[in-house]
Amino acid sequence: MRETTQVLVIGGGPAGSTAAALLAREGFTVTLLERDTFPRYHIGESILPSILPVLDLLGVRDEVEAHGFRRKGGAWLEWGEEKWELAFDQLPHTPYSWQVVRSEFDDILLRNAREHGVEVHENTTVREVVFDGDRAVAAVWSKAGETGRIAFDHVVDASGRAGVLARRLGTRQYHDVFRNIATWGYWRGAKDIPHGPDGAIAVCSVRDGWLWGIPLHDGTISIGLVTSKERFAEDRERLGGIEKVYREGLGGSAMLSDVVADAELVSEPKVETDYSYVAESFQGPGYLLAGDAACFLDPLLSTGVHLATFSGLLSAATIASVLRGEADEERARNFYQTAYRGAYERLLVLVSVFYDAYKGKDEHFFKAQKLTLREREGLNLNESFLHIVAGIEDLEDATDGEEDAFDKVTRLMRGGESGPMIRQQRAFEIANDTPDTAVDGLYLVTSPRLGLHDLRA
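Pasting the structure below:
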């Protein structure tokens with residue numbers, strides 16, 4: 000392994016492979032260290048249409064198209080007493096997406112990074128990030144009993160939930176809400192989901208939680224249960240096992256129960272905590288945090304890969320402009336912080352609003368997902384929602400004390416208390432949106448080359 004590199008990327012998932020490939024394409028020396036050996040299993044199969052323009056930038060869309068992943072035309076939701084479909088073909092520029100087997104999808108992206116000139120080292124663990132004062136300058140790695148050190152000008156921490164830098168710096172904060180547990184498995188021989196667009200994800204509320212159903216191109220369907228940690232613990236003790244909890248939860252949806260009535264569960268149910276968290280800062284001298292290393296959000300709206308690839312794109316543009324001398328580093332890092340955190344925050348509010356809009360008999364779980372006042376006060380609602388939510392031009396009047404900003408956004412997104420529970424199509428449009436306004440005079444450009452354009456120049 001080389002001893003120095005312009006950019007070190009920690010982690011080869013969608014955030015890391017996106018950042019690495021884009022920076023290498025711009026001519027920089029990039030080294031990527033990945034703890035696992037690809038292809039490797041990962042949850043998060045349902046992808047939003049916002050992935051399409053990123054795949055175009057990476058030059059890998061044709062390969063993804065040709066791979067045979069199940070095309071995702073939208074979503075079917077059974078939420079409390081409401082049932083409806085969301086069709087992605089109503090979106091103007093991104094009319095579809097895919098349900099992917101993540102081991103295969105992530106491997107395509109990592110191989111693409113290699114093909115763009117990234118030096119990729121798999122089965123390599125970053126043991127420590129070395130600082131000179133407050134600046135990150137090097138990493139200590141290990142692989143098969145061998146250890147070494149690599150110096151860098153910039154590092155992108157895309158290490159996922161491992162959160163190499165956030166944990167070292169002690170900056171990861173868990174939200175008071177969304178402290179849930181997911182358990183899921185894969186079924187073979189299932190029927191097609193009978194409602195919604197072709198290839199749709201199904202999202203169905205059940206007692207104290209919700210279920211997902213994701214049809215995959217390998218002939219299986221992923222079905223998962225999300226419930227509170229308290230309910231999961233109680234049910235596990237009462238029923239005597241994880242699979243029994245899973246099967247009982249699945250029984251809460253008549254539709255999904257029918258889908259797998261004649262199918263076989265071909266995997267042991269997997270369990271993972273879906274605790275939402277965020278780092279105090281997504282950046283510092285010499286480093287950026289991307290993807291799940293920076294923040295993790297409840298999986299309700301399938302935003303994980305969107306946030307990963309979006310932050311990978313932002314981090315590449317930020318570092319490219321700094322290395323080319325086009326932008327002051329601190330100013331560029333502040334752009335990254337504002338743009339990525341803003342995307343996360345509006346989705347955080349959106350998910351909470353979605354839960355809060357539940358109309359059903361068993362509301363305890365759903366009401367528990369509402370953001371606390373303390374958490375709302377930490378959000379920059381103006382920046383998160385300005386130019387994104389239709390009909391909201393200015394939220395300045397929401398801070399005058401007459402109405403909490405969160406509550407006003409909730410009311411407006413619902414279309415008024417007498418209107419439908421929430422404008423779900425708008426919710427998915429927001430989930431696909433990216434900030435397009437300048438931050439301190441800087442904004443993202445992808446042509447003629449990737450970087451940050453300075454309006455002050």
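Here the sequence shown is numbered in numbering that gives the first Met the number 0, starting from 0 and rising by one per residue. Beta carbons: idealized from backbone N, C-alpha and C, even for Gly.
Taking the alpha carbon of Gly457 as the reference point, which residue from Asp106, Arg340, Gly79, Leu306 has its own alpha carbon closest?
This structure gives no information on residue 457, because the portion of the chain shown stretches from 0 to 456.
Locate the alpha helix (DSSP H) running through Arg187, then write down its first and last residues.
Counting along the chain, Arg187 falls outside any alpha helix (DSSP H), though it belongs to the beta strand (DSSP E) covering 179-187.
Pull up the DSSP beta-bridge partners for Phe451, would you.
The sequence as given places Leu at residue 451; Phe does not occur at that position. The partner list for Leu451 (beta bridge, DSSP) reads Leu443.
Quick one: what's got a C-beta closer than 6 Å to Asp106's C-beta in the same chain, skipping five residues either side?
The residues are Phe37, Pro38.
Just confirm the distance between the C-beta atoms of Arg101 and Glu33, as a whole number of angstroms; I'd bet it's less than 8 Å.
Between Glu33 and Arg101 the Cβ distance is about 14 Å, and since that is not below 8 Å, they are no contact.
Please tell me whether Leu287 and Val155 are closer than 7 Å, where the distance is taken between their beta carbons.
yes
Take Val205 and list the residues in its own chain whose beta-carbon comes closer than 7 Å to its own, dropping the five residues that flank it on each side.
Gly248, Gly251, Ser252
Return the chain-ordered ranges of every beta strand (DSSP E) run that is complete within the segment 167-243 and spans a minimum of 3 residues.
Those beta strand (DSSP E) runs which fall completely within the segment 167-243 and span 3+ residues are 171-173, 179-187, 200-205, 208-214, 219-227.
Any idea if Met412 is buried or exposed, counting beta-carbon neighbours within 10 angstroms, 16 or more meaning buried?
Interpretation of Met412 is limited by its pLDDT of 45, a score under 50 that renders its predicted location unreliable; no figure is taken from the coordinates.
Starting from Ser96, trace the beta strand (DSSP E) both ways and give me its first and last residue.
96-98
Exposed or buried, which one is Asn111 when buried takes at least 16 other CB atoms within 10 Å?
With 16 or more other Cβ atoms within 10 Å, it is buried.
Just reading off the alpha helix (DSSP H) that Gly311 is part of, what are its end residues?
303-322
Please name the residue in Pro214, Asn333, Ala342 whose C-alpha comes closest to that of Gly303.
Ala342
Output needed for Pro52: all residues of its chain with C-beta closer than 6 Å, excluding positions within five of it in sequence on either side, in chain order.
none
Below 7 Å CB to CB, which residues in the same chain sit around Ile241 once its five sequence neighbours on both sides are set aside?
Thr182, Arg235, Pro268, Val270
In its own chain, which residues sit with a C-beta less than 6 Å from the C-beta of Asp197, not counting the 5 before and 5 after it?
Gly72
Around the C-beta of Gln336, are 16 or more other C-beta atoms found within 10 angstroms, so that it is buried, or is it exposed?
buried
Please work out which residues of its chain come closer than 6 Å, Cβ to Cβ, to Arg230, disregarding the five sequence neighbours upstream and downstream, and give them in chain order.
Asp207
How many whole angstroms separate the CB atoms of Phe458 and Pro48, which I take to be in contact at a CB cut-off of 8 Å?
No answer is possible for residue 458: it lies beyond the span of the chain, which begins at 0 and ends at 456.
Who are the Cβ neighbours of Thr30 in its own chain at under 6 Å, not counting the five residues just before and after it?
The beta carbon of Thr30 sits closer than 6 Å to the beta carbons of Thr4, Leu7, Glu118 from its chain, once the five residues preceding and following it are set aside; these are given in chain order.
Keeping to the same chain, check which residues put their C-beta closer than 6 Å to that of Leu313; ignore five residues upstream and five downstream.
Its chain contains Tyr335, Ala338, Tyr339 as the residues whose beta carbon lies nearer than 6 Å to that of Leu313, once the 5 sequence neighbours on both sides are disregarded; these appear in chain order.
Please confirm whether Ser310 and Ala20 have their CB atoms less than 7 Å apart.
no
Please classify Ala260: is it buried, with 16 or more other beta-carbons within 10 angstroms of its beta-carbon, or exposed?
exposed
For the alpha helix (DSSP H) that Ser351 lies in, which residues bound it at each end?
Residues 328-355.
Below 8 Å, how does it come out for the segment 289-300 and the segment 272-281: are there three or more Cβ pairs, yes or no?
yes
Taking only the alpha-carbon atoms, compute the straight-line gap between Pro447 and Ala201 and give it to the nearest angstrom.
One C-alpha to the other measures close to 40 Å.
Compare the beta carbon distance of Gly159 and Gly12 with 7 Å and say whether it is the shorter of the two.
A contact, by the Cβ cut-off of 7 Å.
If you reduce the DSSP assignment to three classes, tell me which class Gly147 lands in.
strand
Given that a residue counts as buried once 16 or more other Cβ atoms are within 10 Å of its Cβ, and exposed if not, what is Gly218?
exposed
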